[in-house]
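Asks: In our numbering, the protein residues as written are -4 to 206.
One structure, pasted below without further comment.
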């Protein structure tokens, strides 16, 4: 199986098995004045699945509203074991979510009640427009990551590609200089795993004689 077809097949699998089970907030316009979205209605969408890179807003497919939320299937490295006729690829799923805080039209939203040092929850509609800027958006991308891990750990193969579970599945937040990326209100994490398939490349005659 070619590298191109592997990336395409994994991206399709991710869209069907992972993205279809997740709903995350659709961002408002990337305008600093819109980052206090009191009156904006929360819209939840399934994350988009992209191969190798996330396109800009002006290059999105017609059925995708925004680059985020999304998962990008990326090739980290590959290894062709020619004698054993095996192809092993290390793939990374880059996950992205957007969440600037809690809006009043969400099902439940916290509000501090009088002098109690605990959150008090109201159902939507019980209060007027409300926006609570917070940094709980990491929960969205970590829940996304948990769903991804569950699907990978339960699957034995992806579109005919064996998951090398003995090598484990690695995951975590994106970091730079020892600290997590801070691109509020965007949140990022990653999952890395290995897959294996047969190598269909013809073996040169000189090597064939040695087998």
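Ideal placement from N, C-alpha and C gives every residue a C-beta, glycine not left out.
Find the nearest neighbour of residue 86 within the set 80, 146, 76 and 70, judged by alpha-carbon distance.
Replies: The residue given as residue 86 occupies position 91 in the chain shown. Answer by Cα proximity: 70.
Asks: Which of the three DSSP states, helix, strand or coil, is assigned to residue 18?
Replies: For the purposes of this step, residue 18 is identified with residue 23 of the chain shown, where counting begins at 1. Correct three-state label for residue 18: coil.
Asks: Check whether the segment 149 to 158 and the segment 41 to 48 are in contact - that is, three or more C-beta pairs closer than 8 Å.
Replies: They do not touch, by the three-pair rule.
Asks: Less than 8 Å separating the beta-carbons of residue 13 and residue 143?
Replies: Walking along the chain shown from the start, residue 13 turns up at place 18. Walking along the chain shown from the start, residue 143 turns up at place 148. Taking 8 Å as the Cβ cut-off, residue 13 and residue 143 qualify as a contacting pair.
Asks: When DSSP labels each residue in this structure, what does residue 165 get in the three-state scheme?
Replies: Numbered from 1 along the chain shown, position 170 holds the residue referred to as residue 165. It is a strand residue.
Asks: Just curious, the beta strand (DSSP E) that residue 82 is in, first and last residue?
Replies: Taking the chain shown and counting its residues from 1, one reaches residue 82 at position 87. If you look at residue 82, you'll find it in the beta strand (DSSP E) that goes 81 to 93.
Asks: Output the boundary residues of the alpha helix (DSSP H) element that contains residue 141.
Replies: Sequence index remark: in the chain shown, residue 141 carries index 146 (1-based). Counting along the chain, the alpha helix (DSSP H) containing residue 141 begins and ends at 133 to 149.
Asks: Determine which residues share a DSSP beta bridge with residue 186 and list them.
Replies: In the chain shown, residue 186 corresponds to position 191, counting from 1. Answer is 88 and 166.
Asks: Tell me the rounded alpha-carbon separation between residue 54 and residue 78.
Replies: Position 59 of the chain shown, counting from 1, holds the residue named residue 54. Position 83 of the chain shown, counting from 1, holds the residue named residue 78. Approximately 42 Å between the Cα atoms of the pair.
Asks: What did DSSP end up calling residue 77 once you bin it into helix, strand or coil?
Replies: Against the chain shown, residue 77 aligns to sequence position 82. Looking at residue 77 - three-state DSSP - the assignment turns out to be coil, as it is neither helix nor strand.
Asks: For residue 81, which option in 179, -3, 141 and 183 has the closest C-alpha, if you only look at C-alpha atoms?
Replies: Along the chain shown, read from residue 1 onward, the residue named residue 81 stands at position 86. That would be -3, whose Cα lies nearest to the Cα of residue 81.
Asks: For residue 91 versus residue 56, is the C-beta distance shorter than 8 Å?
Replies: By 1-based counting over the chain shown, the position of residue 91 is 96. By 1-based counting over the chain shown, the position of residue 56 is 61. No, the Cβ-Cβ distance between residue 91 and residue 56 is not below 8 Å.
Asks: Can you tell me whether residue 38 is helix, strand or coil according to DSSP?
Replies: For the purposes of this step, residue 38 is taken as residue 43 along the chain shown, with counting starting at 1. Under the three-state reduction of DSSP, residue 38 is assigned to coil, being neither helix nor strand.
Asks: Pull the bridge partners of residue 60 from the DSSP assignment, please.
Replies: Taking the chain shown and counting its residues from 1, the one referred to as residue 60 is at position 65. In DSSP, residue 60 forms no bridge with anything.
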